[in-house]
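Q: With this note's numbering as the guide, the letters of the sequence shown map in order to residues 90 to 794.
Just so you know, even glycine gets a beta-carbon here, dropped at the ideal spot from N, CA and C.
So that we are looking at the same thing, I have put the structure below in structure tokens.
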Amino acid sequence: MAAKKFNDSLPSGATILWYEIIKVLGKGGFGITYLAKDTNLDQLVAIKEYLPSAFASRDNTERVMPNSPEAEETFRWGLDRFLTEARTVARFRHPHIVKVLSFFEDHNTAYMVMEYAEGKGLDAILKQRKTLTESQLRQLTNPLLSALETLHKTGFIHRDLKPANIMIRKDGKPIILDFGSAREALGDGDQQMTSLLTLGYSPFEQYDSSGARQGPWTDIYAMGAVLYHAVTGKKPMDAALRINAKLRNQQDPMLPAVDVCSDGYSKPFLAAIDHALGVLETDRPQCIEDWKKALFDGQATKPGKAAQKPSSKQPSTKPSTKRVAQEKPAAEAAVTSSPKVEETKPVADKAESVEAASSAKRESASATAKEEKRAEADASQDENRERAKSSNTTAGPKKKNPWRSFIASINDFGTVSNGQPAADKGAAAETKQTAAASAASQSAEQEAPKIPQSDTPCPEDPQLGDQWQEPITGLTFVWAPEGHFLMGSHRGVLGWRSDEAPAHPVSLDGFWICKTPVTWGAWNQVMRLNGLRERKDVDPDLPASGIGWEDAQSYIRNFSRVAPARFRLRLPREAEWEFAARAGSDAPFYFGEDMTLLDEHAWYTQNAFDQPHGVGQKAPNALGLHDMLGNVWEWVEDWYSEGYYKKCEGGVSNPRGAPFGDVRVSRGGSWRSPVKACRVAYRNRVSPTSKSPTLGMRLVLETDA
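As structure tokens, then:
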């Protein structure tokens with residue numbers, strides 16, 4: 090058979106370093122994959138070349154060049170994502186994940202060298218055979234789900250699972266290919282959207298180019314779509330058509346597998362496939378472990394229909410393909426042990442609480458651990474409660490969400506649904522159950538921590554200088570009134586970097602911002618009220634540190650479960666952080682230009698003795714905020730974009746930053762930072778999965794009138 094020929098592909102016989110191109114294996118919108126020979130080791134390899142055809146092409150010197158000056162930034166951004174993907178996948182050593190051997194830059198682009206596995210794509214197999222048996226699919230799926238679990242535990246998601254990206258080797262082992270992280274980086278504009286999705290396999294949340302709602306459930310949908318194709322012989326319907334019907338309260342136009350494939354497949358297996366294909370991300374299993382139970386053990390639960398959406402930016406473990414690379418100071422990229430963020434799902438009613446308490450006294454430690462994992466997964470479904478606008482904003486009995494289904498509880502007396510026994514086990518058993526439940530209820534009431542209440546209400550019409558102590562965390566919040574300021578910096582300032590330019594006018598509404606970074610004391614208080622594990626080995630006055638971006642989101646969700654509905658916490662947006670830090674100053678530091686005064690205001694590399702210090706010990710800024718500079722880097726809500734300020738040159742109001750990206754932003758410097766990194770305009774880009782000991786957080790409080 091003649092070798093495939095594609096425009097812009099390298100010709101057979103071309104060499105890159107010591108790799109000799111043999112032929113093209115395939116081409117997509119964002120790259121070309123070649124079969125090549127490693128002339129050093131005398132073995133075949135597969136080489137993936139970054140070449141986004143919509144933005145770049147090859148010139149007559151074999152260099153890959155952006156098609157226009159306007160495409161340069163997008164091309165570079167995607168190139169960065171491609172290298173991030175290579176670095177990330179290279180860390181994985183799993184028999185069912187394609188092995189990345191090396192990666193490098195050449196010809197003005199990048200290359201990923203992978204093991205070459207001979208075999209057949211699942212797409213070719215399904216084209217030939219139409220369907221596979223349940224036995225074949227079980228053998229195929231189990232190792233693939235094991236591979237996905239490995240990815241998800243590291244905070245990474247594939248986002249491009251489909252039959253074409255699953256290869257069956259000659260020895261029968263399946264392998265996941267072609268990680269799609271570089272694809273989403275280029276999703277800026279409606280005209281490109283269809284090229285960023287695989288219709289039928291991509292869930293609806295992937296239509297959002299920000300990636301904010303994606304997580305393990307995204308890969309679960311895609312894998313469910315692969316299985317749906319394999320049992321029905323047809324590709325699933327596009328998720329956009331399905332969500333359209335849902336929004337119109339119409340029946341799902343895609344027939345469930347359990348109705349289409351009555352013969353040859355067990356109902357629990359088909360039901361698990363349908364569960365994975367829930368239109369909303371909250372309708373699906375939230376982690377691979379739960380889905381595997383339903384798929385292989387028949388332990389299916391009804392889809393959790395909640396109106397809440399998972400956190401961004403994953404998830405949750407917030408799985409994401411975020412870059413594990415932090416801007417200098419490089420020493421701050423060190424990762425140490427960090428707090429495990431746990432979450433608990435809200436108890437639907439007293440009956441459920443009784444059953445949970447009763448069950449907890451009987452279940453083993455391993456069962457408890459599983460319940461905690463399930464609670465963490467379910468917790469991601471509550472994200473929207475922080476953002477939802479409700480007509481009833483006062484604290485009080487909450488209406489049950491029509492999208493939420495009760496999770497069945499299993500105990501010694503049988504299955505319980507909505508707090509009621511599924512079957513009558515006899516009068517003796519009923520009496521025994523009632524007595525146990527009553528005892529458990531009394532015990533739970535005695536042990537339940539009391540939610541602190543404030544004697545002083547939060548000011549309804551706050552003014553400059555107003556402060557209010559939030560009773561649950563014990564943190565004090567300061568009112569930053571609405572105002573205007575010049576965000577960013579200009580060339581000539583100490584440590585200036587191009588991503589701080591141009592300085593541009595910003596207008597902001599007023600907001601409550603925490604007087605100090607979140608402390609371990611405030612961290613433990615929220616954990617305690619949720620019945621979760623506290624950090625006993627830390628000074629409560631130290632800033633909570635070693636916290637990833639998703640850990641911050643989990644803390645916020647845990648707060649929302651015990652706080653009145655009218656109060657919500659979130660990370661500050663980057664513009665809010667800089668506005669609060671400047672406190673009216675336009676100098677490099679909020680206290681002026683004299684860097685020798687930094688000792689009075691910040692813990693940094695020259696005075697911190699290589700450790701964080703208790704909050705509030707240094708002088709505050711004009712707004713009354715402590716530790717805005719130094720001590721710990723503070724996460725903000727925004728994605729990092731080097732060129733975002735250029736889009737804001739004419740002025741912006743309440744900006745939220747770039748709509749998507751690889752990395753997040755942290756601000757303020759830390760106890761390891763040099764002077765230049767403690768400037769109010771300094772932007773530190775950092776992977777949201779990073780848990781550097783220098784990373785902490787400061788929060789914004791939102792409140793309904």
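#1: Check whether the region 605-617 touches the region 704-717, taking contact to mean three or more Cβ pairs, one atom from each stretch, closer than 8 Å.
#2: Spatial neighbours of P345 within its chain, please: C-beta separation below 7 Å, excluding the five flanking residues on both sides.
#3: Please specify which runs of the alpha helix (DSSP H), each continuous and at least 4 residues long, are wholly inside the region 654-716, giving them in chain order.
#4: If you scan the region 150-224 from start to end, which runs of the alpha helix (DSSP H) of 4 or more residues do you find wholly inside it?
#5: Does DSSP put I246 in a helix, in a strand, or in coil?
#6: Using a threshold of 7 Å, state whether the C-beta atoms of A592 and H573 are closer than that.
#7: Using the DSSP secondary-structure output, state which residues sit across from G806 in a beta bridge.
#8: Do H690 and A708 have their CB atoms nearer than 7 Å?
#9: Who are the near neighbours of L286 in its chain, counting only those whose CB is closer than 8 Å to its CB and skipping five residues on each side?
#10: Which residues in the same chain as S759 place their Cβ atom closer than 7 Å to its Cβ, once the five residues preceding and following it in sequence are excluded?
#11: Counting Cβ pairs closer than 8 Å, one from the region 318-336 and one from the region 375-382, do we hit at least three?
#12: With W612 and A641 assumed to form a contact (beta carbons below 8 Å), what rounded beta-carbon distance in angstroms separates them?
#13: Below 8 Å on the Cβ atoms is my guess for A365 versus Y310; work out the distance and round it to an integer in Å.
#14: Within a Cβ cutoff of 6 Å, which residues of the same chain sit near E589, ignoring the five residues on either side of it in sequence?
#15: Anyone know if the C-beta pair for V202 and V134 falls short of 7 Å?
#16: CA-CA distance, S270 and P548?
#17: Inspect the beta-carbon positions of K209 and I264 and report whether they are closer than 7 Å.
#18: Spatial neighbours of V153 within its chain, please: CB distance less than 7 Å, with the 5 preceding and 5 following residues excluded, ordered by chain position.
#19: Please tell me whether V725 and P661 are closer than 7 Å, where the distance is taken between their beta carbons.
#20: When DSSP labels each residue in this structure, what does N773 get in the three-state scheme?
#21: According to DSSP, is M786 helix, strand or coil?
#22: Which of the three DSSP states is assigned to S235 in this structure?
#23: Using the rule of at least 16 other Cβ atoms within 10 Å of the residue's Cβ for burial, across every protein chain shown, is L336 buried or exposed?
#24: Please return the same chain residues whose Cβ sits closer than 6 Å to the Cβ of E162, not counting the five positions on each side in sequence.
#25: What would DSSP say about T104, mapped onto helix, strand or coil?
#26: Can you give me the Cβ contacts of G115 inside the same chain, cut-off strictly under 7 Å, excluding the 5 residues immediately before and after it?
#27: Can you tell me whether E663 is buried or exposed? The criterion is at least 16 other CB atoms within 10 Å of its CB, across all chains shown.
#28: Could you give the distance in angstroms between the alpha-carbon of G757 and the alpha-carbon of P292?
#29: Using 8 Å as the cut-off, can you tell me whether the region 228-242 makes contact with the region 183-191, which would need three or more C-beta pairs spanning the two stretches below that distance?
#30: In its own chain, which residues sit with a C-beta less than 6 Å from the C-beta of V789, not counting the 5 before and 5 after it?
#31: With a CB to CB cut of under 7 Å and the five nearest residues on each side skipped, what residues in its chain are close to D127?
#32: Between the alpha carbons of Y729 and G637, how many angstroms are there, rounded?
#33: Whose C-beta lies closer than 6 Å to the C-beta of W585 among residues of the same chain, with five residues either side of it excluded?
#34: Roughly how many angstroms lie between the CA atoms of L130 and A175, to the nearest whole one?
#35: Between L687 and F698, which are expected to be in contact by the criterion C-beta below 8 Å, what is the C-beta distance as a whole number of angstroms?
#36: For the alpha helix (DSSP H) containing W638, name the first residue and the last one.
A: According to the structure shown:
#1: Enough Cβ pairs lie closer than 8 Å, so yes.
#2: Residue numbering aside, residue 345 sits at position 256 when the sequence shown is read from its first letter. Cβ neighbours of P345 beyond the five flanking positions: D363.
#3: Segments of the alpha helix (DSSP H) lying fully in the region 654-716: 663-671 and 687-690.
#4: Complete alpha helix (DSSP H) runs here, min 4: 158-180 and 211-218.
#5: Sequence index remark: in the sequence shown, residue 246 carries index 157 (1-based). The answer is coil: DSSP assigns I246 none of H, G, I, E or B.
#6: Here the question's residue 592 lines up with position 503 in the sequence shown. Here the question's residue 573 lines up with position 484 in the sequence shown. Not closer than 7 Å, so no.
#7: Since the first residue of the chain shown is 90 and the last is 794, residue 806 is not available in this structure.
#8: Translated into the one-based positions of the sequence shown, residue 690 becomes position 601. Translated into the one-based positions of the sequence shown, residue 708 becomes position 619. Yes; because the gap between Cβ atoms is below 7 Å, this pair is in contact.
#9: For the purposes of this step, residue 286 is taken as the residue at position 197 of the sequence shown. Scanning its chain for C-beta atoms nearer than 8 Å, with the 5 sequence neighbours on each side dropped, one finds around L286 the residues Q295 and Y296, in chain order.
#10: On the sequence shown, position 670 is the one that residue 759 refers to. Here the set comprises E421, G719, N720, V721, W722 and T783.
#11: With a cut-off of 8 Å on Cβ pairs, the region 318-336 is not in contact with the region 375-382, counting fewer than three such pairs.
#12: Within the sequence shown, the letter at position 523 stands for residue 612. Within the sequence shown, the letter at position 552 stands for residue 641. Their Cβ separation, rounded to whole angstroms, is 10 Å, which puts W612 and A641 out of contact at 8 Å.
#13: Counting from 1 along the sequence shown, the entry for residue 365 is found at position 276. Counting from 1 along the sequence shown, the entry for residue 310 is found at position 221. Your pair A365 and Y310 checks out as a contact, with CB atoms roughly 6 Å apart and the cut at 8 Å.
#14: Mapped onto the sequence shown, residue 589 falls at position 500. Only residues of its own chain outside the window of five on either side were considered, and among them G577, S578 and A770 have a CB closer than 6 Å to the CB of E589, listed in chain order.
#15: The residue labelled residue 202 in the question sits at position 113 within the sequence shown. The residue labelled residue 134 in the question sits at position 45 within the sequence shown. Result yes, Cβ atoms of V202 and V134 sit closer than 7 Å.
#16: On the sequence shown, residue 270 is found 181 positions in, with the first residue counted as 1. On the sequence shown, residue 548 is found 459 positions in, with the first residue counted as 1. With a pLDDT of 47 at S270, under the threshold of 50, the predicted position of this residue should be treated as unreliable, though the coordinate-derived value follows. Spanning the two alpha carbons is a distance of roughly 45 Å.
#17: The count along the sequence shown starts at 1 and reaches residue 209 at position 120. The count along the sequence shown starts at 1 and reaches residue 264 at position 175. Not closer than 7 Å, so no.
#18: Here residue 153 refers to the residue found at position 64 when the sequence shown is read from its first residue. Excluding residues up to 5 positions away in sequence, L140, A145, R147, H196, N197 and T198 lie with their Cβ nearer than 7 Å to the Cβ of V153 in the same chain.
#19: Locating residue 725 in the sequence shown gives position 636, counting from the first residue. Locating residue 661 in the sequence shown gives position 572, counting from the first residue. Cβ distance < 7 Å, so V725 and P661 count as in contact.
#20: As a first step, residue 773 is located in the sequence shown; it is residue number 684 there, counting from the start. It is a strand residue.
#21: Here residue 786 is taken as the residue at index 697 of the sequence shown, counted from 1. Shown here, M786 sits in a strand according to DSSP, grouped into three states.
#22: Start at 1 with the first residue of the sequence shown, and residue 235 comes out as number 146. Reduced to three states, the DSSP call for S235 is helix.
#23: Reading the sequence shown from its first residue, position 247 is the one you call residue 336. So L336 counts as exposed.
#24: As a first step, residue 162 is located in the sequence shown; it is residue number 73 there, counting from the start. For E162, same chain residues with a beta-carbon under 6 Å away, outside a window of 5 residues either side, are G732 in chain order.
#25: On the sequence shown, residue 104 is found 15 positions in, with the first residue counted as 1. In the structure shown, the three-state DSSP call for T104 is strand.
#26: Translated into the one-based positions of the sequence shown, residue 115 becomes position 26. Cβ contact annotation for G115 (same chain, cutoff 7 Å, sequence separation greater than five): T122, in chain order.
#27: Taking the first residue of the sequence shown as position 1, residue 663 is located at position 574. Classification of E663: buried, given that the 10 Å Cβ count is 16 or more.
#28: As a working mapping, residue 757 is identified with position 668 in the sequence shown. As a working mapping, residue 292 is identified with position 203 in the sequence shown. Cα-Cα distance, rounded: 37 Å.
#29: Per the Cβ contact rule, the region 228-242 is in contact with the region 183-191 (3 or more Cβ pairs under 8 Å).
#30: As a working mapping, residue 789 is identified with position 700 in the sequence shown. The residues are F600, I602, R659 and P661.
#31: The count along the sequence shown starts at 1 and reaches residue 127 at position 38. W107, Y108 and V134, listed in sequence order.
#32: One-based indexing of the sequence shown puts residue 729 at position 640. One-based indexing of the sequence shown puts residue 637 at position 548. Between Y729 and G637, the C-alpha separation is close to 15 Å.
#33: Residue numbering aside, residue 585 sits at position 496 when the sequence shown is read from its first letter. Closer than 6 Å at Cβ, skipping near neighbours: S578.
#34: As a position in the sequence shown, residue 130 is number 41, starting the count at 1. As a position in the sequence shown, residue 175 is number 86, starting the count at 1. Roughly 21 Å between the two C-alpha positions.
#35: As a working mapping, residue 687 is identified with position 598 in the sequence shown. As a working mapping, residue 698 is identified with position 609 in the sequence shown. So it is not a contact: roughly 15 Å between Cβ atoms.
#36: As a working mapping, residue 638 is identified with position 549 in the sequence shown. Per DSSP, W638 is one residue of the alpha helix (DSSP H) stretching across W638 to V651.
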